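Under the numbering used here, residues 15 to 433 are what the first sequence spells out, in order.
Have a look at the structure below before the remarks.
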Amino acid sequence: MIDLRTLRENPDAVRASQRARGEDEGLVDALLSADERRRAAIARADALRAEQKQFGKQVGRARGEERDALLAKGKELAAEVKAAEAEQTDAEAVLDGAHRAIPNIVYPDVPPGGEDDYVVLKHVGEPRTFDFEPLDHLDLGARLGAIDMERGAKVSGSRFYFLTGVGAQLQLALLNLAAQQAVANGFTLMIPPVLVRPEIMGGTGYLGAHAAEVYHLADEDLYLVGTSEVPLAGYHANEILDLSAGPRRYAGWSSCFRREAGSYGKDTRGIIRVHQFDKVEMFVYCRPADAEAEHARLLAWEEQMLAKIEVPYRVIDTAAGDLGSSAARKFDAEAWLPTQQTYRELTSTSNCTTFQARRLAVRYRDENGRPQTAATLNGTLATTRWIVAILENHQQPDGSVTVPEALRPLLGRDVLSPV
RNA sequence: GGAGGCGUGGCAGAGCGGCCGAUUGCACGUGUCUUGAAAACACGAGACCCGCAAGGGUCCGGGGGUUCAAAUCCCUCCGCCUCCGCCA
C-alpha cells in the first residue's frame, strides 16, 4: 500500500505514477475521498465513544430510580455509538479497498510504458559466434541425460520435468554456489516454508492482478509460493525491527510454483517457463532512505553471480507498466540465448520501497525511537532457468558442455558429455 | 483423528462485568547520590487511529455476539502445551 500522507501532500505524483504504468488515474481521487470519509467517520465515532465512556461511569455510581432513567438513556447512546461504529467500519473497508487498488508509486525516472519500453542500461560480454549449428537446451539436456521433459509430463503434466543425473547435480551446484556467495556477502541463508497463509500472500502483493498465477490449496486455504520472497517478506510481519546496524539481508532457497495461466503456447519447449523450479533469492529489509543504494547493491550481487557462469547478458531498467504492483523500480539481467537469438531474463531485482512492508506491518525505529515503515527489496541469485543459459552458451560441436570454472569444484567435473 | 488446558505490555505474572489500558516483579530509560560504577531512592517508559495543537479514541491472540457497560460472559477462528489414537 502506498503512503497516504504522501498522497495527501502530493496527489499529482501518484497520478503521474499511474499514468506511467498505464493505470487508471481516477483511482487516486477515489482513494482521496475514501480517506476523507474515513477521517470524518473516526472523528464522530471517537466523540460518541468518549461520551459513552463518561456516561458509563455515571451509571456505575447511580442507584434506584436515577439508575433506571440512566439505563434508558444509555440504550439510546449505545445505538448511536453502534451506528457511528458501523459507519467507521464501512468507511475503513472502502478506504482499504481503494488503498489496495493502487500499485506502488514508481520512481520518476522509471521509463513509462509497457513491456517493450524498457531501457537497456548495459551489455556485458559478447554473444559467442558458433561455427556449428547450436542445439537448444532441451536437445542438449536430453543428450546429456540432464533433463527429461516427457516423463515430467507423464507424471505431472505439461510444464513439469525431471532434472536427471548431471542435470540435478548441475542445479545443486549452481544453487549452492549462489547460497555460498550470499553467505559470503553477509546474507542469512534461509530455507522457508513454501505454503503460506492468505494474509502473507496478499501482503506481498501477489493476490492482486496476478492472483491467477498462484496455486491455492482450497482445503487448507494455503498458497504455494511463486518465490521465497513471499515467506521472507512475511518473516518479520507485524514486527518492529532494529535496523540501526544496517539492512537485514536474507537469502531464501526454495522451490517455486507458478500456474503460468494465460501463457499457453508461450515458451512451451524446455524448462524456460515451468510450473515448478528452484531458486535462491535475496531479500532485504532496510530503512527507506537506504533502499535505492541497496537496490544497486542487489543488482551488483546478481552480476557477481552472473559472472560466475560466464554468459553474455544485458541489464534493463523495466518500464513502469511492466513492474509488479509492489515494485517502484525493477532491474532485470537477461542472458543471451543463441538458439533464440535474444536475451531472456535470468534475474530480477525489485525495490518495493514501503509498499509491502506497510501491508505486512514491518517497521523499524527511527533516530527518535518512533516506529516507521521499513522498505523491502528482493533480487534473484540463481534459478533453474540458469541451466538453460549455461547449456546453450557453453556447448561444444560434439554436444558436450564445458562447465564454467566456478561450478567445477561443486560439480566435480569440467565437462558434461553426452551419455 | 479424539480428550483436556492455556494465550494479558520486552519477559514473568495478577485481575475474572463498571473504580482496569490494566496490580506486582525483572529487564529498560532519566535523575539524585558517587571520583566512576554498583546499590539505594525518585521519576519515566507500549502500539495504532483522529487532530496544527490542546486533547480524544482504540488495542488484554484474531473476528463476531450478549450488555447501558467486556481483559472479565458466549460463539468462532488461529497459535501453543499435555494425554490417547493413527501414520510416512
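Glycine included, C-beta positions come from ideal geometry on N, C-alpha and C.
Fair warning: this is a prediction, and the values are worked out from it, not measured in the lab.
Paired residues, beta bridge with residue i - DSSP
i	result
M204	G266
F146	Its beta-bridge partners do not exist; DSSP assigns none.
H230	Y237
I286	Bridge partners of I286: none, in fact.
L46	Answer by DSSP bridge pairing: none, since L46 is not bridged.
T218	Answer is none; T218 lacks a bridge partner.
T356	L351
L209	L238
Endpoints, the alpha helix (DSSP H) within which residue i is located
i	result
P302	No alpha helix (DSSP H) contains P302, which DSSP labels as neither H nor E.
E243	243-249
V120	Unbroken run through V120: none, as it is neither H nor E.
V28	25-35
A156	151-158
R272	Taken as a continuous stretch (DSSP letters only), R272 belongs to no alpha helix (DSSP H), as it is neither H nor E.
P418	Here P418 belongs to no alpha helix (DSSP H), and DSSP marks it neither H nor E.
Per-residue DSSP class, three states only, for residue i
i	result
I16	coil
N382	coil
A368	Note that residue 368 corresponds to Thr in the displayed sequence, not to Ala. Residue state, collapsed to three classes: coil.
H137	strand
F176	strand
V73	helix
Q409	strand
E253	strand
T363	strand
L91	helix
V402	helix
D292	strand
R377	strand
V197	helix
V108	helix
L189	helix
L313	helix
L430	strand
E446	This structure cannot speak to residue 446, because the chain is shown only from 15 to 433.
A64	helix
H113	helix
G276	coil
E80	helix
L337	coil
P101	Reading off the sequence, residue 101 comes out as Glu, not Pro. Of the three classes helix, strand and coil, the one that applies to E101 here is helix, per DSSP.
A321	helix
D131	helix
G260	coil
Residue range of the unbroken beta strand (DSSP E) whose run includes residue i
i	result
K168	Counting along the chain, K168 falls outside any beta strand (DSSP E), though it belongs to the alpha helix (DSSP H) covering 163-170.
N392	389-397
I330	327-331
D346	343-351
Assumed close pair residue i, residue j - CB separation to whole angstroms, cut-off 8 Å
i	j	result
V417	V429	6 Å
A192	A396	4 Å
V208	V239	5 Å
Q183	L425	6 Å
A388	R373	Between R373 and A388 the Cβ distance is about 12 Å, and since that is not below 8 Å, they are no contact.
V95	Q66	5 Å
L41	A115	5 Å
A342	T367	5 Å
A349	R358	6 Å
D331	V133	5 Å
A265	A196	4 Å
L246	A305	Not quite, the Cβ-Cβ distance comes to about 16 Å (not below 8 Å), so this is no contact.
N199	W315	6 Å
F369	I56	Actually they do not touch by this definition, with Cβ atoms about 24 Å apart.
V210	Y249	Between Y249 and V210 the Cβ distance is about 11 Å, and since that is not below 8 Å, they are no contact.
L91	V73	About 10 Å separates the two Cβ atoms, so there is no contact after all.
Practice task
Report yes or no: do three or more beta-carbon pairs, one from the segment 88-99 and one from the segment 22-35, lie closer than 8 Å?
Solution key: no
Practice task
Count the CB pairs spanning the segment 362-369 and the segment 279-289 that are closer than 8 Å, and state whether there are at least three.
Solution key: no
Practice task
Kindly confirm or deny that the segment 59-66 and the segment 107-121 touch, where touching means at least three C-beta pairs closer than 8 Å.
Solution key: no
Exercise for the section: Check whether the segment 316-332 touches the segment 399-419, taking contact to mean three or more Cβ pairs, one atom from each stretch, closer than 8 Å. Expected result: yes
Problem - the segment 167-186 in contact with the segment 211-224 per 3-pair CB rule at 8 Å - result: no
Problem - Cβ contact check for the segment 288-306 and the segment 231-245: 3 or more pairs under 8 Å - result: yes
Problem - At least three beta-carbon pairs within less than 8 Å, the segment 250-264 to the segment 218-230 - result: no
Practice task
Specify whether the segment 297-312 and the segment 156-167 touch according to this definition: at least 3 beta carbon pairs, one from each stretch, less than 8 Å apart.
Solution key: no
Exercise for the section: Inspect the CB distances between the segment 257-270 and the segment 118-130 and report whether three or more fall short of 8 Å. Expected result: no
Handout entry: Cβ contact check for the segment 334-345 and the segment 144-160: 3 or more pairs under 8 Å
Key = no
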